[in-house]
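Take a look at the structure set out below.
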Amino acid sequence: MIEGDYIRGWDQMKKRRFITLFIMIACVLSVISGHLYYNNKLEETAHAAKLELGKKPAEKTENKDSTSSSQKADTVHFKNAPAGIADLYNQKKAAGESLSFTIVGSSITSTEEGNWAKLFTEKMMDTYGNDVKVETTSFGKLTSLELANEQVYTDFIQKKTDVILIEPVLWNDNNGVSINDTLYILGQMITGVKDTNPEAVVVLQPSNPIYQPQKYAEQVSSIEAFAKEKGIPYINHWEAWPSVDSEDINQYVTELMPNEEGHKLWAEYVYNVFK
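Structure below.
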């Protein structure tokens with residue numbers, strides 16, 4: 030009897046040990062499984078983060094490109110130009126036409142390489158392409174009286190140009206022609222332009238400045254006053270040059286005429302008005 034009880038007790042003890050061992054093994058397997066699952070989730074999270082980071086540069090580039098295109102599309106041309114030119118440009122462009130732009134002046138204004146008018150034309154071409162066509166008419170060394178007598182300016186008046194930028198021939202008139210005659214003939218020229226094309230925008234500007242001008246400076250002031258009186262836009266590019274009372278201006282003028290730097294300065298100023 031005692032032996033039977035002993036055997037049964039031993040069997041029960043073995044069962045308890047087996048159950049305990051099974052539980053321990055199950056716990057170990059559970060811990061290992063949990064650890065593997067946790068590591069796997071970490072790897073998945075890290076991989077997802079890498080993919081997200083990989084996407085961000087592309088999104089940034091896309092935003093930059095989109096912003097660049099938007100800015101280009103939103104560019105407002107002729108925003109600094111005299112009133113009416115921007116609207117005229119937009120009307121022409123909408124109709125598939127080019128805005129015609131004519132520069133008129135003395136020998137200081139020409140189509141020669143390095144001349145301010147030539148440089149200005151190139152800048153406008155780079156900005157507008159075929160949307161704006163710039164032409165230059167130079168009167169050379171003719172005075173205002175000679176222009177009136179020979180009707181030299183008739184050709185460009187008949188072109189029905191949209192915008193005309195005039196440099197009155199003050200240098201040519203400096204000796205022998207009164208400022209009153211200069212202004213009278215200038216007025217006749219502008220009237221002719223308006224009669225041919227009432228929608229045309231006429232703009233005046235002076236010739237280049239020089240060191241310590243006297244009579245010439247008075248003539249320039251008269252042109253500016255004339256423009257103000259007639260309600261004609263006036264581009265005062267003199268403000269971009271060194272003072273006429275400073276010898277620094279001689280860095281831009283050689284023998285009373287603009288040198289290379291002078292032409293560049295002049296062209297840049299006028300371009301900034303019409304860009």
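In terms of the working numbering, the sequence shown opens at residue 30 and continues consecutively.
We treat Cβ as the ideally placed atom computed from N, Cα and C, and that holds for glycine.
Three-state class that DSSP yields for T165 in the structure shown: strand
For S127, three-class secondary structure by DSSP: coil
Residues near T166 by beta carbon distance below 6 Å, same chain, minus five either side: V133, F185
The region 227-235 in contact with the region 146-153 per 3-pair CB rule at 8 Å: no
Span of the alpha helix (DSSP H) around L314: Outside the shown range of the chain, which is 30 to 304, sits residue 314, and nothing can be said about it.
Touching by the beta-carbon criterion (3+ pairs, under 8 Å), the region 263-277 and the region 121-131: no
T220, buried or exposed, once every other Cβ within 10 Å from all chains shown has been counted against 16: exposed
Identified DSSP bridge partners for T283: M286
Beta-carbon separation (whole angstroms), Y263 vs E253, contact threshold 8 Å: 6 Å
For V249, the first and last residue of its enclosing alpha helix (DSSP H): 244-259
Residue span of the alpha helix (DSSP H) that contains L174, given as start and end: 173-179
Exposure label - E196; buried when at least 16 CB within 10 Å: buried
Cβ-Cβ distance between T140 and Q187 below 9 Å: no
Per-residue burial, T104 [other beta carbons within 10 Å of its own, 16 or more giving buried]: exposed
Separation of E175 from I208, as counted between CA atoms: 14 Å
Closest by C-alpha distance to I239, when choosing among G216, Q280, S251: Q280
Start and end residues, beta strand (DSSP E) containing I193: 192-195
Residue environment, D116, which counts as buried when at least 16 other CB atoms sit within 10 Å: exposed
Buried/exposed call for D277, threshold 16 Cβ in 10 Å: exposed
Backbone CA spacing between G205 and V181 [nearest angstrom]: 19 Å
Three-state class that DSSP yields for G158 in the structure shown: helix
Cβ neighbour criterion (16 or more within 10 Å) applied to D202: buried
Residues bridged to G134 (per DSSP): S167
Nearest-angstrom Cα separation, counted from Y213 out to K223: 15 Å
V302, DSSP secondary structure in three states: helix
Distance, N109 Cα to S251 Cα: 24 Å
Pair within 9 Å by beta-carbon distance, F255 and G216: yes
Reduced DSSP category for Y240 - H, G, I as helix; E, B as strand; rest coil: coil
N178 burial status per 10 Å Cβ neighbour count (16 or more: buried): exposed
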